[in-house]
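J.: Going by UniProt numbering, the letters in the sequence shown line up with residues 1 to 65, in that order.
Backbone N, C-alpha and C fix where the C-beta goes; we use that ideal spot for every residue, glycine too.
A quick note: this is a predicted structure, and the numbers were derived from the prediction, not measured.
First the structure, then my questions, so here it is.
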Amino acid sequence: MKVVLRLPERKEVEVRGNRPLKEVLLELGLNPETVVAIREEELLTLDQVVGDEEQIEVLSAISGG
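This is the structure:
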């Protein structure tokens with residue numbers, strides 16, 4: 001699958017295999033509690049399985065005040 005990271009600069013990486021989103025994020029060295037992932041305008045949960053033919057966008061979940 002193609003994973004597009006926007007943390008804050010854009011970077012694209014390829015990840016193989018169908019597996020839970022949390023596993024993919026950990027493989028990329030990302031803390032699953034500090035990012036959100038989107039697939040075709042759908043917000044993903046950490047237990048959802050993502051696959052080889054998909055594109056996932058990962059954004060930093062930072063709030064300001």
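What's the gap between the Cα of residue 58 and the Cα of residue 18?
T.: Indexing the sequence shown from 1 puts residue 58 at position 58. Indexing the sequence shown from 1 puts residue 18 at position 18. Approximately 17 Å, taken between the alpha carbons.
J.: Leaving out the 5 sequence neighbours to the left and right, which residues in its chain are closer than 8 Å to residue 13 when beta-carbon positions are compared?
T.: Taking the sequence shown and counting its residues from 1, the one referred to as residue 13 is at position 13. Excluding residues within five positions, the ones whose Cβ falls inside 8 Å are 2, 3, 5 and 28.
J.: Would residue 25 and residue 37 be called neighbours here (beta carbons separated by less than 9 Å)?
T.: Within the sequence shown, residue 25 is the residue found at index 25, counting from 1. Within the sequence shown, residue 37 is the residue found at index 37, counting from 1. In this structure, residue 25 places its C-beta atom within 9 Å of the C-beta atom of residue 37.
J.: For the alpha helix (DSSP H) holding residue 27, just list the boundary residues, first then last.
T.: By one-based count along the sequence shown, residue 27 stands at place 27. Start and end: 21 to 27.
J.: Check for me: the beta strand (DSSP E) holding residue 13 runs from which residue to which?
T.: Against the sequence shown, residue 13 aligns to sequence position 13. Element bounds for residue 13: 10 to 14.
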